[in-house]
Amino acid sequence: MIWRLGAFVVAAVVALPLLGIGSSLFTDQLDLWRHLAETQLPDILANTIILLLGVGVGTVVLGTGTAWLVTMCRFPGVGILQWALLLPLVMPTYIIGYAYADLMAFAGPLQSGLRGATGWTRTDYWFPDLGSAAGVAFLFTLVLYPYVYLAARAAFLTQSQALLEASRILGNGPWRTFLRIGLPLARPAIAAGAALALLETLADFGTVQYYGVHTFTTAIYRTWYGMGNREGAAQISFVLIAIAIGLILLERHSRGRARFAIASNLRHRSEPAALPPGRALAALLACALPVLLGFVLPTLHLAQLAVRSGSVVADHRFLGDAVNSLILASLAALIIVGLALFLSYAGRVVRRRALSRTIEFASLGYAIPGAVIAVGVLLPLAVADDGIDFVSRGLFGVPTGLLLSGTAFALLLAYTVRFLAVGMANVAPGLAAIDPAMDASARVLGARPFQVLRYIHLPMLRTPALTAGIVAFVEVLKELPATLLIRPFNFDTLAIGVFRFASDERLAQAAVGAIVIVLVSLVPVILLSRAVAAGSPAGGPTTSSPPGP
């Protein structure tokens with residue numbers, strides 16, 4: 000009973016953002032929508048469409064192509080590129096946006112070097128401008144393609160080389176084999192990775208705000224802070240929720256009823272095909288370029304800026320931001336892992352469809368942008384604060400103030416709702432891999448469910464739980480929109496500090512916090528790359544995928 004009740008309570012808490020946003024539907028916001036329709040709405044819709052199309056096409060082409068090359072082909076550097084292609088995943092979108100803004104500015108190193116080498120003036124050459132929806136989509140593609148790469152490579156590792164060789168025997172060349180065999184079999188995984196990339200695109204705030212590209216997230220922020228209209232911001236959030244749900248449904252519809260399975264005797268994989276020198280060089284360049292543009296170049300530039308402004312490391316504001324980030328990320332990671340363990344084990348103990356659906360619902364927070372969750376969390380907490388204050392004044396004559404919505408509690412709740420799926424994506428598969436016979440044996444010996452979890456499952460779940468905790472820690476460390484909207488007064492984090500410096504055009508100072516975030520984020524990426532590389536023909540591939548809805 001306790002497991003079922005607890006799971007329903009957790010799902011109810013996770014549902015707070017949706018309930019808070021739903022309450023805004025009962026307020027009259029016609030003037031706001033009329034104002035948006037006359038001023039920003041056409042621009043917002045156009046930019047959103049361009050971003051989704053650009054990122055969707057870019058991540059699918061880049062992620063799928065590189066995954067196929069490093070999995071099915073052998074060329075110089077392929078061993079390094081297999082994990083290096085995941086490195087851009089550690090680069091938050093807003094950080095790469097700040098880095099490229101300085102790199103490609105007129106007075107930046109690229110244009111200055113070009114003019115110095117050629118003697119040209121500004122009117123003598125053309126240089127790409129990233130200050131548009133298409134330019135921002137390009138930046139998003141550079142850091143979000145690893146979602147597709149990770150899912151596609153995991154799918155390609157499970158494909159049988161015997162099928163691919165049979166296709167070639169029937170007269171299909173490498174390109175036609177990829178299009179007719181490899182790509183269709185990997186389509187569900189590719190669609191799932193692309194859906195995650197698109198959800199991240201919808202959730203972004205820092206990059207689009209910095210480049211002046213109007214989207215729904217910027218409209219939510221301006222409506223909330225510029226107009227002081229929380230209910231209006233909540234109604235705008237509904238549009239983002241509708242788009243996010245539409246993307247999830249589209250991804251599921253793309254799979255349809257198709258199911259792909261490979262017979263066990265066909266799972267053997269032979270050695271990857273060795274490419275001739277010309278094609279090997281082309282494959283090397285195609286796989287190295289995304290790593291260079293998405294990680295190496297911006298990281299080196301940020302490191303150079305950070306070295307030039309090394310004195311800011313000792314600045315009390317930077318140290319305070321770092322301490323706040325570490326405390327929040329650590330607490331949120333512990334809460335997320337704990338809830339993930341509880342929900343996963345509840346689903347194992349109570350095998351009911353209703354409970355399974357409840358647990359799935361509790362994991363949908365990752366599909367909701369951080370700005371939407373921020374709006375949804377604060378609205379019910381503000382109502383709760385008003386109720387607590389009213390009761391306290393009536394009974395004791397003492398005002399309580401903002402006990403919930405004005406403290407770090409609201410931040411931790413938003414992080415838990417947003418990233419609970421991260422914990423579930425790592426803990427649930429690990430728990431499912433434990434033989435149920437072990438549970439039955441322990442129960443026969445008189446052990447209660449909690450004792451089974453504590454003494455049998457937890458020791459076996461150390462690696463999945465640690466992975467979930469690390470990934471959740473880094474996700475919270477990078478989170479910007481929810482933190483920006485919910486944070487208490489005079490309480491900043493590393494992400495907020497980076498955003499604050501960058502908004503003031505102080506990129507050299509922003510680079511210090513950005514480098515810290517990038518370095519810490521390397522840990523889960525290394526874990527992910529090792530998990531994918533652990534797939535072997537002998538024992539069947541072990542795959543790991545990024546958290547998703």
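All residue numbers for the sequence shown refer to numbering that gives the first Met the number 0, where the first residue is 0 and numbers rise by one. The beta-carbon is built from N, C-alpha and C at its ideal position, and this holds for glycine as well. Given the structure is predicted, the values throughout are model-derived calculations rather than measurements.
Here's the rule: buried if 16 or more other CB atoms are within 10 angstroms of the residue's CB, otherwise exposed. What is Leu143? buried
6 Å CB neighbourhood of Ile372 in its chain, flanking five on each side removed: Pro16, Ala413, Val416, Arg417 and Ala481
Look at Gly96 and Tyr209 and say whether their C-beta atoms are less than 7 Å apart. Taking a C-beta distance under 7 Å as the contact criterion, Gly96 and Tyr209 qualify as a contact pair.
Keeping to the same chain, check which residues put their C-beta closer than 7 Å to that of Leu51; ignore five residues upstream and five downstream. Leu197 and Thr200
Going by DSSP in three states, Ala409 sits in which element: helix, strand or coil? helix
Between Ser502 and Gln234, is the Cβ-Cβ spacing less than 7 Å? no
Measure from the alpha carbon of Ser324 to the alpha carbon of each residue in Arg350, Met71, Ala407 and Leu249, then state which is nearest. It is Ala407 whose Cα lies nearest to the Cα of Ser324.
Whole angstroms are fine: how far does the CA of Trp119 sit from the CA of Gly19? 57 Å
Bridge partner(s) assigned by DSSP for Arg73: Ala273
So, using beta-carbon positions, are Ala218 and Ile358 closer together than 7 Å? no
Could you check if Gly112 is buried or exposed, using at least 16 other CB atoms within 10 Å of its CB as the buried criterion? exposed
Residue nearest to Ala370 in terms of C-alpha spacing, selected from Ala381, Leu288, Val238 and Pro275: Val238
Taking the alpha helix (DSSP H) that Pro435 belongs to, which residues open and close that run? In the DSSP assignment, Pro435 falls within the unbroken alpha helix (DSSP H) covering Pro435 to Val443.
To which residues of the same chain is Gly393 closer than 7 Å at the C-beta, ignoring the five residues directly before and after it? Hits under 7 Å: none found.
Of all the options Leu410, Ser440 and Arg307, which has the alpha carbon lying nearest to the alpha carbon of Ala332? Leu410
When you compare the CB positions of Pro523 and Ile469, do they come within less than 7 Å of one another, or not? Taking C-beta atoms as the reference points, Pro523 and Ile469 count as a pair closer than 7 Å.
Would you kindly check if the distance between the Cβ of Leu301 and the Cβ of Ala98 is under 7 Å? yes
Output the distance between the C-alpha atoms of Ala232 and Val207, rounded to the nearest integer angstrom. 17 Å
In angstroms, rounded to a whole number, what distance separates the CA positions of Leu577 and Trp67? This structure cannot settle anything about residue 577, because the visible part of the chain is limited to 0 through 548.
The alpha helix (DSSP H) with Trp2 in it runs from where to where? Ile1 to Val13
Cβ shell of Ile387 (< 7 Å), same chain only, five flanking positions each side left out: Thr399 and Leu402
Quick check for students: name the residue ranges of the alpha helix (DSSP H) that lie wholly in the segment 206-256, counting only runs of 4 or more. 215-220 and 229-254
Alpha carbon to alpha carbon, how far is Gly225 from Glu37? Give it in angstroms, no decimals. 17 Å
Ordered along the chain, which non-local residues of its own chain (more than five positions away) have a Cβ less than 6 Å from that of Pro463? If we look at Pro463 and ignore the five residues flanking it on each side, its Cβ neighbours are Asn425, Val426 and Gly429.
Bounding residues of the alpha helix (DSSP H) (the contiguous stretch that carries His34): Leu29 to Glu37
According to DSSP, simplified to helix, strand and coil, what is Asn425? helix
Rounded to whole angstroms, how far is the Cβ of Leu327 from the Cβ of Thr492, which I believe are closer than 8 Å? The C-beta separation of Leu327 from Thr492 comes to about 7 Å, placing the pair in contact by the 8 Å criterion.
Can you tell me whether Trp82 is helix, strand or coil according to DSSP? helix
Give me the residue from Leu129, Leu378 and Ile433 with the minimum Cα distance to Pro458. Ile433
Per DSSP, what kind of secondary structure is Phe389 in: helix, strand or coil? Three-state result, Phe389: helix.
Buried or exposed: where does Ser440 fall if 16 or more other Cβ atoms within 10 Å of its Cβ makes it buried? exposed
Does DSSP classify Gly396 as helix, strand or coil? In this structure, Gly396 counts as coil in the three-state DSSP scheme.
Use the C-beta contact count for Ala116: other C-beta atoms within 10 angstroms, 16 or more gives buried, fewer gives exposed. Exposed is the call here.
So what does DSSP say about Thr58, is it helix, strand or coil? helix
Tell whether a beta-carbon distance below 7 Å holds between Val336 and Ala467. yes
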